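Read through the structure below, which is laid out as structure tokens, and then see the notes.
In the working numbering, the protein residues as written are 23 to 212.
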């Protein structure tokens, strides 16, 4: 299980995302977002080297809030060849400099997500050590996920309502003070 440190990060995760998000093709806003932490969960790197977090934030800068899902990895050293996926660096109060990447570009993230779909990883609470996150479920567990799609702007709804939904991960977030669920990851399976 990953160790969760109760400490500071400078700049914060939200500050890094506010600077990074406008440059992404899925960004729906104009200008700089104003992000609020919404929800999320973690997965554990079996080697214990890479932090893996699924971050759900809400941009409240526009007339209507927009929810974004940004999986991230946290590393002690730069990830070679992933410069374009670098969200930023931050000084962690315990661990020192952390290199934070968009998870999709990190091979450890891809391997652990395949394990999640395969049924050998369990979603963990974002802020509570050694605690499963019951609000996240995998449909199609045991699947050999060949290609995983990140749903960057999730919308409420259950993919199980569709017969051809395949394998997917459903998570939760808050919209207008109400807890809603929807697809966060989809997988093509072999």
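All residues carry an ideal CB built from backbone N, CA and C; glycine is no exception. On a predicted model such as this, the values are computed, not experimentally measured, just so you know.
Of the listed residues the options, nearest to residue i (C-alpha basis)
i: residue 120; options: 108, 83, 131, 129; result: 108
i: residue 98; options: 112, 91, 87, 105; result: 112
i: residue 40; options: 33, 147, 104, 57; result: 57
i: residue 85; options: 153, 122, 51, 143; result: 51
i: residue 138; options: 178, 122, 63; result: 63
Three-state secondary structure assigned by DSSP to residue i
i: residue 128; result: coil
i: residue 37; result: helix
i: residue 139; result: helix
i: residue 71; result: coil
i: residue 81; result: strand
i: residue 101; result: coil
i: residue 45; result: helix
i: residue 176; result: coil
i: residue 150; result: coil
i: residue 50; result: coil
Classification of residue i by the beta-carbon crowding that lies within 10 angstroms, buried from 16 upward
i: residue 130; result: buried
i: residue 42; result: buried
i: residue 48; result: exposed
i: residue 168; result: exposed
i: residue 44; result: exposed
i: residue 71; result: exposed
Inter-residue CB distance, residue i and residue j (contact presumed, cutoff 8 Å)
i: residue 73; j: residue 96; result: 3 Å
Residue i to residue j span [Cα, whole Å]
i: residue 134; j: residue 143; result: 7 Å
i: residue 181; j: residue 140; result: 19 Å
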